[in-house]
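Numbering (the numbering used here), first residue to last: 222 to 631.
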């Protein structure tokens, strides 16, 4: 089951990196205004982000495996539609619906697979998440190589092959058939089916945004938001900064290769070491997450010290260490501490918060660069400053965890 999830998420990442980054190249080559293209892709990304919440809710109520299947089929159909639209040289506006379906399907796949992991034994989750993250990084690393090769021949063929690869994910569901995270009634009675559907509608309205009113979890969600505002700067601001101080596109690519390889090679041993020697109780996982935040802060600010390739590569390794720790334990905390029966909903909501933080980070990082691009130390200090707020809200959440434990002991 673990390898099936890793392969599923890895191939899903490869499908993304094989095709979608090259879509903008196709639109540009077709003569479309990139502002219009940005609006088109921005709308689909926004809807995909919002879709994380109902994806988690439905994973809880209908069953994560069923939602996973729906996401795979939806995404395969969307990519196939894009292939046909490219083949017949359709106008830009016709791509909107398939791109929305692709984004929605991707959300279903990610959130439902994470929901499956959340139902595993507590001690297994970190290891499964580590293996899945390795699979994702391998997929993201190999995808662009295949995509760049195929796109030289045909963009339509590129998306057709991506559709087939996406559809092959269905076979990953076979090892997951014994996963019991489903609450859907087994009765085939039409009357019972309609009754369940009505109950689902009512609970959807009541439960959909219940995480917002969860005063226990809210500090953690706020911490996630501020964290991802800064985490996004590695993809958003770092390439611009590196180019500004004189690095070539090829050298910038090497930095991201170092990041991916470090995750593949060291994700599992680092997490295994932390679990074995540093995690003694559940709230220690929050301490580990905060350690990841500190590594992020240190690496971003060290970027400003020297401007040599090897120094920045060293900083990227420190950043990747923070990434491994932060990404793994932030997910585990949601899985462990979220209410039973609502784990998918809380995972979906946290993924939505992460996406919002990532989006805000694009504009925040750009604004900071415009203001402080001639002063690297000030630029990275102010750009990474939201991490102070992330630590503060993590501390508030830590106090809540202690109080909850004390109440249980009483």
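Yeah, the Cβ is synthetic: ideal placement off N, Cα and C, and Gly gets one too.
- In the three-state scheme derived from DSSP, where H, G and I count as helix and E and B as strand, residue 556 is classed as helix.
- When only Cα atoms are considered, residue 599 and residue 616 end up about 26 Å apart.
- Sequence-distant Cβ neighbours of residue 457 in its own chain, meaning closer than 8 Å and more than five residues away, are 582, 583, 586 and 587.
- Counting only residues of its own chain and dropping the five nearest sequence neighbours on each side, residue 550 has a CB closer than 6 Å to the CB of 506, 509 and 510.
- In this structure, residue 397 keeps its C-beta atom at 7 Å or more from the C-beta atom of residue 235.
- For residue 262, the secondary structure class from DSSP, reduced to helix, strand or coil, is helix.
- According to the DSSP assignment, residue 471 belongs to the alpha helix (DSSP H) that extends over 470–498.
- DSSP, read as helix, strand or coil, puts residue 519 in helix.
- A Cβ-Cβ distance of about 5 Å is found for the pair residue 367 and residue 239, placing them in contact under the 8 Å criterion.
- For residue 380, the uninterrupted alpha helix (DSSP H) segment begins and ends at 376–388.
- Annotation: the region 306–388 contains no complete segment of the beta strand (DSSP E) (minimum length 3 residues).
- Under the three-state reduction of DSSP, residue 253 is assigned to coil, being neither helix nor strand.
- Taking a contact to require three or more Cβ pairs closer than 8 Å, the region 274–291 and the region 560–572 qualify as touching.
- Counted as a single uninterrupted DSSP element, the alpha helix (DSSP H) harbouring residue 457 occupies residues 454–457.
- For residue 547 against residue 454, the beta-carbon gap comes to about 14 Å, at or over 8 Å, which does not count as contact.
- When secondary structure is reduced to three states using DSSP, residue 528 falls in the coil class, being assigned neither helix nor strand.
- One Cα belongs to residue 304, the other to residue 344, and the distance between them is close to 43 Å.
- Put simply, the region 569–580 touches the region 433–450. At least three CB pairs are less than 8 Å apart.
- For the pair residue 336 and residue 601, the Cα-to-Cα distance works out to about 35 Å.
- Rounded to the nearest whole angstrom, the CA to CA distance from residue 299 to residue 499 is 45 Å.
- If you draw a 10 Å sphere on the C-beta of residue 231, you find 16 or more other C-beta atoms in it, and that means buried.
- Judged by their CB atoms, residue 553 and residue 346 are nearer to each other than the 7 Å cut-off.
- The closest CA to that of residue 359, considering only 287, 470, 461 and 480, is found on 480.
- Residue nearest to residue 606 within the set 253, 444 and 495 is 444 (criterion: CA-CA distance).
- Of the other Cβ atoms in all chains shown, 16 or more fall within 10 Å of the Cβ of residue 589; this residue is therefore buried.
- Residue state for residue 541 is assigned as helix, using DSSP reduced to three classes.
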